[in-house]
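Visitor: Below are the structure tokens for one structure; questions will follow.
Numbering (the numbering used here), first residue to last: 476 to 694.
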């Protein structure tokens, strides 16, 4: 028999799995396969907004290890729960990446894209930072507590980032998504490792800055 705490944790992890799964599936089918063409960033942003609105009340809708790290460093989540979120996100993306290959014959045939290392890493840092910054300020800041726009703000941030630097870095902004892009043959392992380190560091910097500005207002 599950305790109430275990039951709540189970609900959170199921919610995170579903949200992360569909987030990457949307990315793979709209952008990697090219099905949405120039509208792929819009499809991703709208899809993410919908998933956040559906999941935020249960799990805070991270869908991203960089976001989870930021929640940990702003003391909005404990280490054990953060580790479970990160593992869940990675597993969800693995399932989504292979599902996308089954749904779209174009994805397994994709060729690895070679991005310019410096500009790609800079793009990933800047837009992961602003994504995490927006999430913290609309999701956990007391100044915006109880707002009804958090999903739109986050979804639009991802969409704008994808439009701005999609051709520069692939617009991952998420270590779990980077793993999915590896499986779907968009980027190589070296790029995944570099992106993941940069994305996690960007999330950490966003969290530290948020803490400095929020001070004792962090919920």
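By construction, the Cβ of each residue, glycine as well, lies at the ideal position given by its N, Cα and C atoms.
How many whole angstroms separate the CB atoms of residue 559 and residue 488, which I take to be in contact at a CB cut-off of 8 Å?
Guide: For a cut-off of 8 Å, the C-beta gap from residue 559 to residue 488 is around 6 Å, short enough to register as a contact.
Visitor: Hey, is the region 594 to 602 in contact with the region 615 to 628, meaning 3+ C-beta pairs nearer than 8 Å?
Guide: no
Visitor: For residue 501, count neighbouring Cβ atoms within 10 angstroms of its own Cβ and tell me buried if that reaches 16, exposed if not.
Guide: buried
Visitor: Using the three-state DSSP reduction, which class does residue 493 fall into: helix, strand or coil?
Guide: helix
Visitor: Using C-beta distances below 8 Å, list every residue in its chain close to residue 661, excluding the 5 sequence neighbours before and after it, in chain order.
Guide: 507, 585, 587, 588 and 645
Visitor: Select from 638, 683, 479 and 626 the residue whose C-alpha is nearest the C-alpha of residue 695.
Guide: Residue 695 falls outside the range modelled here, since the chain spans only 476 to 694, and no answer is possible.
Visitor: Is the beta carbon of residue 648 sitting closer than 8 Å to the one on residue 571?
Guide: no
Visitor: Which ranges would you report for the alpha helix (DSSP H) in the region 493 to 580 if only whole runs of at least 4 residues count?
Guide: 515 to 534, 540 to 548 and 554 to 578
Visitor: Is the separation between the beta-carbon of residue 654 and that of residue 596 shorter than 8 Å?
Guide: no
Visitor: Please classify residue 591: does DSSP put it in a helix, a strand, or coil?
Guide: coil
Visitor: Which class does residue 585 belong to by DSSP, given the choice of helix, strand or coil?
Guide: Coil, per DSSP.
Visitor: With DSSP collapsed to three states, give me the class of residue 601.
Guide: helix
Visitor: What span of residues does the alpha helix (DSSP H) with residue 686 cover, start to end?
Guide: 664 to 689 is the extent of the alpha helix (DSSP H) around residue 686.
Visitor: Can you grab the Cα-Cα spacing for the pair residue 478 / residue 562, in whole Å?
Guide: 22 Å
Visitor: Spatial neighbours of residue 583 within its chain, please: CB distance less than 6 Å, with the 5 preceding and 5 following residues excluded, ordered by chain position.
Guide: 576.
Visitor: Given residue 517, which residues of its chain have a CB within under 6 Å of its CB, disregarding the five upstream and five downstream residues?
Guide: Correct list, in chain order: 634.
Visitor: Return yes when the Cβ of residue 555 is within less than 8 Å of the Cβ of residue 509, no when it is not.
Guide: no
Visitor: When the Cα atoms are used, what is the spatial distance from residue 543 to residue 511?
Guide: So the two alpha carbons sit approximately 29 Å from each other.
Visitor: Just to confirm, are residue 523 and residue 630 a CB contact at a threshold of 8 Å?
Guide: yes
Visitor: How far does the alpha helix (DSSP H) with residue 652 in it reach, from first residue to last?
Guide: 650 to 658
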